[in-house]
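A.B. asks: Each step along the sequence shown adds one to the number in the UniProt record's numbering, with nothing skipped, and position 291 is 291.
Note that beta-carbon positions come from the ideal geometry of N, C-alpha and C, so glycine has one too.
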Amino acid sequence: MIAVNEVAVLVPPPAPVPSQDPFVIPLRAAEAAAATTASPLASPLTPMSPPVPKPAGPLQMKPLLALELLTDVVEMLLHNHEDIPPSPHDPTATMTNMRGMEAEKVHIIRSNSERDLARMRQLALKDEQTVQGHSQQKKEEQQQQQQQQQRLQRPQSSGADKGQLQGAQAQPQLQPQPPATGDPPLDVPMPHPFSAQHNAVTRRFYSKHPPQITAREYLQRLHKYCTHSSGVYIWTALTLFRLARTEGTMQVTPRNVHRLLLAALDVASKALEDHSWPHARIAQVGGVKNGELTRLEVSFCFLSNFELQTTTERMVDGLIEIQRALEYWKTDGGNERWGNGVRDMAT
Numbered sequence: 001m002i003a004v005n006e007v008a009v010l011v012p013p014p015a016p017v018p019s020q021d022p023f024v025i026p027l028r029a030a031e032a033a034a035a036t037t038a039s040p041l042a043s044p045l046t047p048m049s050p051p052v053p054k055p056a057g058p059l060q061m062k063p064l065l066a067l068e069l070l071t072d073v074v075e076m077l078l079h080n081h082e083d084i085p086p087s088p089h090d091p092t093a094t095m096t097n098m099r100g101m102e103a104e105k106v107h108i109i110r111s112n113s114e115r116d117l118a119r120m121r122q123l124a125l126k127d128e129q130t131v132q133g134h135s136q137q138k139k140e141e142q143q144q145q146q147q148q149q150q151r152l153q154r155p156q157s158s159g160a161d162k163g164q165l166q167g168a169q170a171q172p173q174l175q176p177q178p179p180a181t182g183d184p185p186l187d188v189p190m191p192h193p194f195s196a197q198h199n200a201v202t203r204r205f206y207s208k209h210p211p212q213i214t215a216r217e218y219l220q221r222l223h224k225y226c227t228h229s230s231g232v233y234i235w236t237a238l239t240l241f242r243l244a245r246t247e248g249t250m251q252v253t254p255r256n257v258h259r260l261l262l263a264a265l266d267v268a269s270k271a272l273e274d275h276s277w278p279h280a281r282i283a284q285v286g287g288v289k290n291g292e293l294t295r296l297e298v299s300f301c302f303l304s305n306f307e308l309q310t311t312t313e314r315m316v317d318g319l320i321e322i323q324r325a326l327e328y329w330k331t332d333g334g335n336e337r338w339g340n341g342v343r344d345m346a347t
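#1: Do three or more CB pairs link the region 294-301 to the region 217-227 at distances below 8 Å?
#2: Are the region 241-254 and the region 266-277 touching, with three or more C-beta to C-beta distances below 8 Å?
#3: Using the C-alpha atoms, what's the distance from GLN132 back to GLU140?
#4: Excluding the 5 residues flanking ARG204 on each side, which residues of the same chain have their C-beta closer than 7 Å to its C-beta?
#5: Can you look up SER229 in the DSSP assignment and give me helix, strand or coil?
#6: Taking all protein chains shown into account, do 16 or more other C-beta atoms lie within 10 angstroms of the C-beta of ALA280, making it buried, or fewer, making it exposed?
#7: Report the option in LYS270, ASN256 and THR202 whose CA atom is closest to the CA atom of LYS208.
#8: So what does DSSP say about GLN212, is it helix, strand or coil?
#9: Span of the alpha helix (DSSP H) holding VAL285?
#10: Could you have a look at LEU308 and say whether DSSP puts it in helix, strand or coil?
#11: Alpha carbon to alpha carbon, how far is LEU123 from LYS289?
#12: Any contact between the region 321-331 and the region 63-79? By contact I mean 3 or more CB pairs, one from each, below 8 Å.
#13: With burial defined as no fewer than 16 other Cβ atoms inside 10 Å of the residue's Cβ, what is the status of ASN67: buried or exposed?
#14: Select from ALA268, LEU261, LYS270 and ASN305 the residue whose C-alpha is nearest the C-alpha of VAL285.
#15: Between the Cα of ARG314 and the Cα atoms of ALA263, GLU292 and ALA237, which residue gives the shortest distance?
#16: Does the separation of the CB atoms of LEU125 and TYR233 fall below 8 Å?
#17: What span of residues does the alpha helix (DSSP H) with LEU64 cover, start to end?
#18: With a Cβ-Cβ cutoff of 8 Å, do LEU308 and ALA271 count as a contact?
#19: Suppose the cutoff is 7 Å on Cβ atoms and the five residues either side in sequence are ignored; what does the same chain contact list for SER229 look like?
#20: If you draw a straight line from the alpha carbon of HIS134 to that of LEU152, how long is it in whole angstroms?
#21: Given a cut-off of 8 Å, decide if GLY231 and LEU65 are closer than it, judged by their beta-carbon atoms.
The following block contains the structure:
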């Protein structure tokens, strides 16, 4: 008989051991067999490795890191180009304005199919041949007109007139002079319109004297008072590298680097960002007037051939090329071969 004061003691079950569980071992064996069949190199005893994270895109770069990249690119482009004066002023060159924008875009020599100097030389020779052809054709027309006038003014002498002239001294007949047609045209090859227009555009970025502030300090000032995103800094670095090295459109010198940076950052922020800083603020921070900043923007658009939009793939490819150029410059920056640009890196 059980006493009333006795209390039943509850004992918990033993802790489970998965390795000794008869119901778990067959399941693990089946999973291991399936994994071995799917991947022969995988081991059932080795835990699955975590997925490899994809590399972050260029837009995920911090703005300060992108600014440092832009600074390195500018210093690299300034290497071996201490002070190159601008091209001489051509009084006959027309300045770029907004009216002839479509015509200028058509005549921009630096397009996808016309990026080499050989193409420019071919166009110059073609223009020279055209001018010579017009001059030769004009000469032939003038000679034909003179011959026709001489035929019309030649007197028709009859037989009676010939008899009257016998025994008498014939009066010399003066031939009428052809009308003056002015100086003959000179076969002077005309300069290619692109060179004159290009010089007029590039001269806008040059200063009379190099500013006292360096390019690094100028970029830090712009970043302090007009901060931009990483995409704006990366696009500016890629565009300046393309203009100065890949295409050779314009050399970056201490006399034009400040205006180039100001115009490039302003154009990039307006083309890539939804919100941009006010025009007057950027001009005040950059040290120029509002009208001058507007002209710099238009000139930079012509320099970049209005290639303002880009993609992530193009930015990644451009960053790889810039990284190679920076490594080459830092390891062999003092070599004179750097003047040849990226072509030397392939050799």
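C.D. replies: Per the coordinate set shown:
#1: no
#2: no
#3: When rounded, the distance between both Cα atoms is 12 Å.
#4: Hits under 7 Å: ARG295, LEU296 and SER299.
#5: coil
#6: exposed
#7: Nearest to LYS208 by C-alpha distance, out of LYS270, ASN256 and THR202, is ASN256.
#8: In the structure shown, GLN212 falls within a coil segment according to DSSP collapsed to helix, strand and coil.
#9: 279-286
#10: In this structure, DSSP gives LEU308 a state outside helix and strand, which the three-state scheme calls coil.
#11: 38 Å
#12: yes
#13: Checking the sequence shown, residue 67 turns out to be Leu, not Asn. Buried, because 16 or more other Cβ atoms sit within 10 Å of the Cβ of LEU67.
#14: Among ALA268, LEU261, LYS270 and ASN305, the Cα nearest to that of VAL285 is on LEU261.
#15: ALA237
#16: Going by C-beta atoms, LEU125 is not nearer than 8 Å to TYR233.
#17: 63-78 is the extent of the alpha helix (DSSP H) around LEU64.
#18: yes
#19: PRO63 and GLU273
#20: 27 Å
#21: no
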